[in-house]
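Numbering (my numbering), first residue to last: 21 to 729.
Glycine residues also receive a C-beta, built at the ideal position from the N, C-alpha and C atoms.
Given the structure is predicted, the values throughout are model-derived calculations rather than measurements.
As structure tokens, the structure follows; a few thoughts come after it.
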């Protein structure tokens, strides 16, 4: 979706929508601050954050310019810029964190090695030398590796706000400062290793989370890429000129050649051809279009050139409307983080207050400033939410690896959480319940005489048409060999024609057939009609039965015709809705969600894109269109439909482990925080305890390595 007008938005009545790129967002707290902060600005009706793509859609008065919105976000503490075409690809949150993680980890290992001598009882000049060596390594490493936290904390504090990075930054800086002070005065303790360990685990957790977010869908851009980049326009005097898609205007006449896609919506002005509309409707059978029929952007002209009078171009096409539906649905989906948002909102002030009370309490108890600060830093470090931060992303990564080994790719880690709760499944027909490619009727193939089959194989092998290729594969698999034919000619839209022993033979389109079929014509013999059908996926019945036992009710929701859908519905025993447009599928999902259902959508086409984005969880087969692959949370690469119940089972096990991880993290804080407040914990011990809690969470998550078996 590209920006419109000055703001990158689209006018909508009295309001305007502006899309802003905010690469600095990384957690639920960021979402909350942006949405609540912008909602307080006069003239802004609302703001919706898409955390995966790091975009903010602002609904506002047209009088507010994009510059003003950028300034308001800067006041909240986030840099932003209007989204343009070159910014359409989401900015990776992983790459900027890799170098800081490497520096922190490498420095932590070296400082830990130097600290072994100090822990072993080194005294005097030896201890001082190791402290100075640790300082020389740690100070530059902390300054570099801590930048993601320091810069985020400074932006918030500069505007009188706070976030989770503020107590982290304070703890690291104060611990490093006290350690440097101890080094200078020749003290006994220094906690450089603790500060570096803290940064290492925090960065590792943030990278794991960002890895899953970077896999989130980019379906809108993939969808828009299906439209042609331009078209040949026929002028009034008959001249042909190339126009880019963005320059097409209603009333222009496009000449769409065979094999080209429409660059805009319009009506056929002259010519007759068949169009592949599967990108928009899911219907695999090409649709014949004549004068006055509607041709849509993104559909493929198969047979012959046609002239199309443009009725809608650019952002007004049906393709662009589907993209808008996907954009809105994917932004709505980000609401799943609201519980984490509330926890994030409470964390920073609670930790600040607890550390401050610890310092004040020890001062009142008679401790000096130095000792009180040490205990306060220990509280800041030991309450670091590393274990909480790792609880979800580590479990997601391990479970994703387990599913990947079973041929199921997890594209959105948060989808595991949503998939675990689904109790309703909507399944597309073509390419989802079925294998997605028409296959010749096995009974007819078995009935063909050997000579006729050899002639059919020879003609089919000379064509790249999907039906011919499928027939050639079936005949070859049945053990037939191609006959010797000559003068082979493939006529687009009609079939393959040749000479066999001086006689004209043909593998052509039938004269009259309500089904997908080809006709084999050999002189002196009856015409063989070879019908095609789309076969169900292996184990489809068993997979659907298994989903039913898991409490998930399944229904077919397809854009195909009612006859084709009825065949699959009878074979699977499922209820079905046919002729469903993209809007119909999204509306069906909205109705189910309003009724309290948690919906899983399984589909493979562009027409499924908005539904995949709007559902609570989504899955697509590996043979899906680029948009289906981008929009889905999960992609299964195998032929078997058993991937569906396997993914649901794994997601439910994953969420059980996540709940255990949260329980372990909470139990750690309940036990450790009182000890830190009471002064029994130094910053080094606090860092070790924090690291140990993180390792326990990681170890618990590793149990998911075989969850998809």
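- Non-local C-beta neighbours of residue 172 in its own chain, meaning closer than 6 Å and more than five positions away in sequence, comprise 185, ordered along the chain.
- Judged by beta-carbon spacing, residue 53 lies beyond the 8 Å limit of residue 167, meaning their Cβ atoms are not closer than that value.
- Per DSSP, the unbroken beta strand (DSSP E) holding residue 327 starts and ends at 326-332.
- DSSP, reduced to helix, strand and coil, places residue 720 within a helical segment of the structure shown.
- A residue is called buried when at least 16 other Cβ atoms come within 10 angstroms of its Cβ; residue 270 does not meet this threshold and is exposed.
- Exclusion of the five residues before and after residue 664 leaves 563, 567, 622 and 639 as the residues of its chain whose Cβ lies within less than 7 Å of its Cβ.
- Contact between the region 673-691 and the region 461-481 is absent: fewer than three C-beta pairs spanning the two stretches fall below 8 Å.
- For the options 729, 280 and 690, the alpha carbon positioned closest to that of residue 710 is the one of 690.
- The C-beta of residue 92 has 16 or more other C-beta atoms within 10 Å across all chains shown, which makes the residue buried.
- Linking residue 414 to residue 673 through their CA atoms gives a straight-line distance of about 14 Å.
- Unbroken alpha helix (DSSP H) runs of no fewer than 4 residues, entirely contained in the region 558-590, are found at 560-569, following chain order.
- For residue 102, the secondary structure class from DSSP, reduced to helix, strand or coil, is strand.
- Contact between residue 131 and residue 393 is absent: CB atoms are separated by about 21 Å, not below the 8 Å threshold.
- The C-alpha of residue 335 lies about 20 Å from the C-alpha of residue 76.
- Classified as exposed, residue 59 has fewer than 16 neighbouring CB atoms from the shown chains inside 10 Å of its CB.
- The alpha-carbon separation between residue 632 and residue 377 amounts to approximately 50 Å.
- For residue 675, the enclosing alpha helix (DSSP H) begins and ends at 663-697.
- For residue 507, the enclosing beta strand (DSSP E) has its first and last residue at 506-511.
- Residue range 167-178 is occupied by the alpha helix (DSSP H) that includes residue 171.
- The way I'd put it, the region 433-453 does touch the region 568-585; three or more beta-carbon pairs between them come closer than 8 Å.
- Apart from sequence neighbours up to five positions away, the residues of its chain that approach residue 587 with a beta-carbon distance below 8 Å are 553, ordered along the chain.
- Taking 8 Å as the cut-off, the Cβ atoms of residue 538 and residue 475 do not count as close.
- DSSP, read as helix, strand or coil, puts residue 159 in helix.
- Rounded to whole angstroms, the gap between the alpha carbons of residue 225 and residue 399 is 20 Å.
- By the neighbour-count definition (other C-beta atoms within 10 Å, threshold 16), residue 156 is an exposed residue.
- The region 479-491 and the region 653-661 do not touch, with fewer than 3 CB-CB distances between them shorter than 8 Å.
- A distance below 8 Å between beta-carbons, with the five flanking residues on each side excluded, links residue 95 to the following residues of its chain, in chain order: 57 and 179.
- DSSP links residue 454 through a beta bridge to 556.
- Annotated three-state conformation of residue 114 is coil, per DSSP.
- Residue 680 and residue 144 have their C-alpha atoms spaced approximately 46 Å apart.
- Between residue 150 and residue 137, the gap from beta carbon to beta carbon is short of 8 Å.
- With distances taken between CA atoms, residue 521 lies nearest to 506 out of 208, 506 and 397.
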